[in-house]
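The structure under discussion appears below in the form of structure tokens.
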Amino acid sequence: SAVISQKPSRDICQRGTSLTIQCQVDSQVTMMFWYRQQPGQSLTLIATANQGSEATYESGFVIDKFPISRPNLTFSTLTVSNMSPEDSSIYLCSAMGLGGTSTDTQYFGPGTRLTVL
Amino acid sequence: SQQGEEDPQALSIQEGENATMNCSYKTSINNLQWYRQNSGRGLVHLILIRSNEREKHSGRLRVTLDTSKKSSSLLITASRAADTASYFCATGEKLVFGKGTKLTVNP
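Protein chains in written order, with this note's numbering: chain A, 1 to 117; chain B, 1001 to 1107.
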């Protein structure tokens, strides 16, 4: 299985600031995704991080608020911009297609717990 | 949407007992995945079952899939306190998650 790390593991931020979360996979993967888990809720997909091109966002999420980069096949960042307390959540990245295969299994990172004051 | 919905929302059992969680979804799928999450941490992948499979085992875990009923079940046998977690099913490439079942295994 892929090993996925995220940095930071947690942060407490002030309203109006931005935070960039990094996701690193230990091997090349086909697809990477970013999810949000609000307190007491399930996971919701924010976007698909596309290598070398703009991310594909799900309904309700926009690039200005959640800019995403994916410069290569093992790394992606998610920025939470102009934060408000409503952005307090766990943000998780995931990856599938380990080693460039078409495997459907999707592995998750440990998550970044964000608290906005 | 290919939404998974778990049932029950919460389950409390004694160590050694079996735990069964169910998942229903709405549309045709290629596969269904089960995950575990401990105390708001990252998700651990448990099992992927494909649409042409009816049952799959992994250690103490047994997953069934009934595509005619659009449902799946996860059975944990001989439960342990360490199995205490939330369990989610998810379908699709862009995973759509249900609300999960919160399992508590009492020692």
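Don't be surprised by glycine CBs; every beta carbon is placed ideally from N, CA and C.
Only counting the same chain, and skipping five residues up and downstream in sequence, which positions put a Cβ closer than 6 Å to that of residue 67 (chain A)? 79
Strictly under 8 Å for the Cβ-Cβ distance: is residue 1036 (chain B) near chain A by that measure? no
Could you tell me whether the segment 1068 to 1078 of chain B touches the segment 1018 to 1026 of chain B, where touching means 3 or more Cβ pairs closer than 8 Å? yes
Can you tell me the Cα-Cα spacing of residue 1063 (chain B) and residue 17 (chain A), whole angstroms? 44 Å
Using C-beta distances below 6 Å, list every residue in its chain close to residue 1030 (chain B), excluding the 5 sequence neighbours before and after it, in chain order. 1051
Of all the options A:88, A:52, A:59, A:117, which has the alpha carbon lying nearest to the alpha carbon of residue 74 (chain A)? A:52
Rounded Cβ spacing between residue 1076 (chain B) and residue 1060 (chain B) (contact assumed at less than 8 Å): 6 Å
Under the three-state reduction of DSSP, which class applies to residue 55 (chain A): helix, strand or coil? coil
In three-state DSSP terms, what is residue 1107 (chain B)? coil
Who are the near neighbours of residue 76 (chain A) in its chain, counting only those whose CB is closer than 7 Å to its CB and skipping five residues on each side? 23, 32, 49, 68, 69, 70, 93
Let me make sure I understand the geometry here. Which of A:13, A:28, A:54 has the alpha-carbon closest to that of residue 4 (chain A)? A:28
Beta-carbon of residue 91 (chain A) versus every beta-carbon of chain B: anything under 8 Å? no
Give a yes or no on whether 8 Å exceeds the smallest Cβ distance from residue 57 (chain A) to chain B. no
Taking the beta carbon of residue 102 (chain A) as the centre, do at least 16 other beta carbons fall within 10 Å, making it buried, or is it exposed? Model confidence at residue 102 (chain A) stands at a pLDDT of 49, short of 50, so the residue's coordinates are unreliable; what they give is reported in the following sentence. Residue 102 (chain A) should be labelled exposed.
Return helix, strand or coil for residue 1007 (chain B), following the three-state DSSP convention. strand
Kindly list, in the order they appear in chain A, the residues whose Cβ is closer than 7 Å to that of residue 1042 (chain B). 92, 108, 109, 110, 111
What does the alpha-carbon distance come out to for the pair residue 116 (chain A) and residue 1067 (chain B)? 42 Å
Could you name the residues of chain A that residue 981 (chain B) contacts, counting a contact when the two beta carbons are closer than 9 Å? What is shown of chain B runs 1001 to 1107, which leaves residue 981 (chain B) out entirely.
Beta strand (DSSP E) segment containing residue 116 (chain A), residue limits: 112 to 116
Is there a Cβ from chain B that is less than 8 Å from the Cβ of residue 75 (chain A)? no
Can you tell me whether residue 1066 (chain B) is helix, strand or coil according to DSSP? strand
Neighbour flag for residue 1059 (chain B) against chain A, beta carbons, 8 Å: no
Excluding the five sequence neighbours on either side, which residues of its own chain have a C-beta within less than 6 Å of the C-beta of residue 113 (chain A), listed in chain order? 10, 90
Quick one: what's residue 11 (chain A) bridged to in DSSP? A:114
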